[in-house]
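Residues in the sequence shown are numbered consecutively from 9, following this note's numbering.
Glycine included, every Cβ here is placed at the ideal spot set by N, Cα and C.
Beneath this line is the structure, given in structure tokens, with notes to follow.
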Amino acid sequence: MNQIAPYPDPKTLTAWRHDFHRHPEIAFEETRTSERIVAILREHGLDPVTGLGGGTGGVVTISGNRGEGRRIGLRADIDALPIDELNDVDHRSTIPGRMHACGHDGHTTMLLGAACALAKDPDFAGQVHCIFQPAEESEGGGRVMVEEGLFERFPMEAVYGLHNWPGLAVGEAAVHDGPVMAAFDVFTLKLTGRGCHAAMPHLGTDVVLAACQLANQLQGLISRETPPHQSAVLSITQFHAGDAYNVIPETVELRGTVRCFDAALKARLEQRFRDAVTATAQFHGLKADFDYQARYPATINTPRHATRCAEVLEALPGIDKVHRDLAPSMGSEDFAFMLDRCPGAYIWLGNGDSAALHNPAYDFNDAISPLGVAYWQALVKKLLND
């Protein structure tokens with residue numbers, strides 16, 4: 009592999025990343041993380057704006073030495089997950105039930121490194137806003153930053169993000185011309201009937217039977233009502249009912265997610281889900297309390313910005329292959345809120361043969377930190393100097 013960005017040096021990047029990994033903080037609680045980011049930036053002569061995104065986010069702006077020009081944004085997520093880490097490594101989490109199981113410690117490190125490197129060598133025109141965003145994991149910190157006025161306070165003509173990708177080799181990247189990550193909705197359904205003795209089901213209304221039938225019927229929304237060329241996933245992930253062998257319970261609660269890429273399909277799936285709940289409740293004589301929440305829109309790249317990212321990656325020492333034809337992921341990403349308001353692109357950077365994202369044995373690959381720093385630097389100088 010060819011030589012890549014020497015500053016900050018790889019040992020420094022690794023030290024930063026391991027420190028973040030040892031002290032993981034979940035959505036909107038990233039106080040120490042934010043303080044550490046600010047301290048590093050200030051050590052390198054930068055003056056970040058803090059207290060954004062609900063309090064723990066921040067933005068640092070770096071101006072080039074070639075005068076006025078265009079303005080772009082680079083974004084990293086900084087939060088961890090509520091997971092107990094299983095790795096036996098020196099930098100393992102020191103906080104029970106908290107873990108950087110998605111690599112946001114690495115994303116933060118790469119953007120920090122790029123900010124420091126660009127401050128040292130600001131050979132570009134215009135400005136770059138480095139966005140350190142809290143609460144990506146299910147809580148929509150990206151939405152909060154946008155609603156707070158991110159793009160009004162820090163004007164930019166494009167915004168860019170990246171994510172490490174397990175299973176994609178180190179030295180490889182993937183860039184999509186359109187959809188990258190799916191939209192993400194969540195639901196909670198509580199069915200209430202009349203409990204009874206298990207030996208006398210005719211004296212009650214069986215919420216368990218109704219919920220089982222509904223769970224099966226809902227899959228027809230995917231297999232029979234979704235066009236075969238479109239992707240959608242409906243997953244019931246929780247099913248809570250009853251406490252005794254001989255009691256048909258009064259209530260049952262189902263929870264889960266719905267994911268797809270197309271906005272019209274998303275709206276139709278929600279409506280048909282509601283139709284199915286209403287019909288099931290009426291047929292079985294039950295009361296239905298249905299809470300359906302749209303969490304994240306689909307993450308969709310702007311084609312011309314995706315092309316520029318691919319061009320930068322293809323010319324970058326250390327990148328051996330750029331995939332342009334990988335299938336998008338049914339996972340979700342709140343960078344979608346930023347791309348909804350501002351054009352840009354989101355790429356995947358190979359993490360090698362690691363455990364999967366959100367797995368308690370996952371760990372970010374420190375070998376790719378210098379590569380991520382180099383990518384951000386090259387992207388800035390390509391976009392702002394052309």
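In chain order, what residues of the same chain lie with their CB nearer than 8 Å to the CB of residue i, ignoring the 5 residues before and after it?
i, result
"Ala223", "Ile244, Phe247, Leu262"
"Pro209", "Ile256"
"Gly264", "Val194, Phe195, Leu242, Ser243, Ile244, Thr245, Gln246"
"Leu282", "First, the amino acid is wrong: residue 282 is Arg here, not Leu. Contacts found: Phe298, Tyr300."
"Leu226", "Leu242, Ile244, Phe281, Ala284"
What is the DSSP secondary structure of residue i, reduced to helix, strand or coil?
i, result
"Leu21", "helix"
"Pro90", "coil"
"Thr102", "coil"
"Ser337", "strand"
"Met3", "Given a span of 9 to 394 for the chain in the structure shown, any question on residue 3 remains unanswerable."
"Asn393", "helix"
"Met107", "strand"
"Gly65", "strand"
"Gln385", "helix"
"Leu357", "strand"
"Gly114", "helix"
"Ser243", "strand"
"Leu120", "helix"
"Val167", "strand"
"Ser377", "helix"
"Ile70", "strand"
"Val97", "coil"
What are the boundary residues of the beta strand (DSSP E) that residue i is part of?
i, result
"Leu321", "Taken as a continuous stretch (DSSP letters only), Leu321 belongs to no beta strand (DSSP E), being part of the alpha helix (DSSP H) at 311-322."
"His31", "Premise fails: His31 is in no beta strand (DSSP E) and is neither H nor E."
"Gly59", "57-60"
"His331", "329-331"
To which residues of the same chain is residue i closer than 6 Å at the C-beta, ignoring the five residues directly before and after it?
i, result
"Met338", "Ala190, Val241, Arg267"
"Asn254", "Ala206"
"His26", "His99"
"Glu76", "none"
"Leu211", "Cys204"
"Asn393", "Phe132"
"Ser42", "Thr64"
"Met118", "Ser377, Gly380, Val381"
"Pro16", "Gly121, Cys124"
"Pro18", "Pro378"
"Gly81", "His137, Ile139, Met164, Val167"
"Leu217", "none"
Tell me where the alpha helix (DSSP H) around residue i begins and ends.
i, result
"Tyr15", "Where Tyr15 is concerned, there is no enclosing alpha helix (DSSP H), given that its DSSP letter is neither H nor E."
"Ile139", "No alpha helix (DSSP H) holds Ile139; the beta strand (DSSP E) holding it covers 135-141."
"Arg79", "Per DSSP, Arg79 belongs to no alpha helix (DSSP H); it is in the beta strand (DSSP E), 79-85."
"Val154", "149-155"
"Ala476", "Not covered by the structure: residue 476. The range shown for the chain is 9 to 394."
"Ser447", "Residue 447 is absent from the model: the chain starts at 9 and stops at 394."
"Ala47", "39-51"
"Phe159", "158-161"
So, for residue i: in the same chain, excluding its five sequence neighbours on each side, which residues have a beta-carbon less than 7 Å away from its beta-carbon?
i, result
"Ala198", "Checking the displayed sequence, the identity of residue 198 turns out to be Lys instead of Ala. Thr259, Glu261, Asp297."
"Asp348", "Pro305"
"Ala369", "Leu94, Asn95, Ala363"
"Gly66", "Ser42, Ile45, Val46, Pro56, Val57, Thr58, Leu60, Phe140"
"Asp185", "Asn309, Pro311, Ala314"
"Glu147", "Ala35, Phe36"
Sufficient close CB pairs (3 or more, under 8 Å) joining the stretch 383-392 to the stretch 307-321: Yes, the stretch 383-392 is in contact with the stretch 307-321.
Cβ contact (3+ pairs, closer than 8 Å) linking the stretch 146-162 and the stretch 94-101: Verdict: no, contact absent.
Start-end ranges of the beta strand (DSSP E) lying completely within the stretch 172-235, minimum 3 residues: Runs of the beta strand (DSSP E) inside the stretch 172-235: 180-182, 187-189, 191-200.
Length at least 3, wholly inside the stretch 248-310: the beta strand (DSSP E) runs in chain order: The beta strand (DSSP E) runs lying completely inside the stretch 248-310 and spanning 3 residues or more are 259-268, 295-304, given in chain order.
Any 3 or more C-beta pairs closer than 8 Å across the stretch 107-114 and the stretch 163-170: Output reads no: the stretch 163-170 does not touch the stretch 107-114.
The stretch 288-306 / the stretch 322-335 touching (three or more Cβ pairs under 8 Å): With the rule of 3 Cβ pairs closer than 8 Å, the stretch 288-306 does not count as touching the stretch 322-335.
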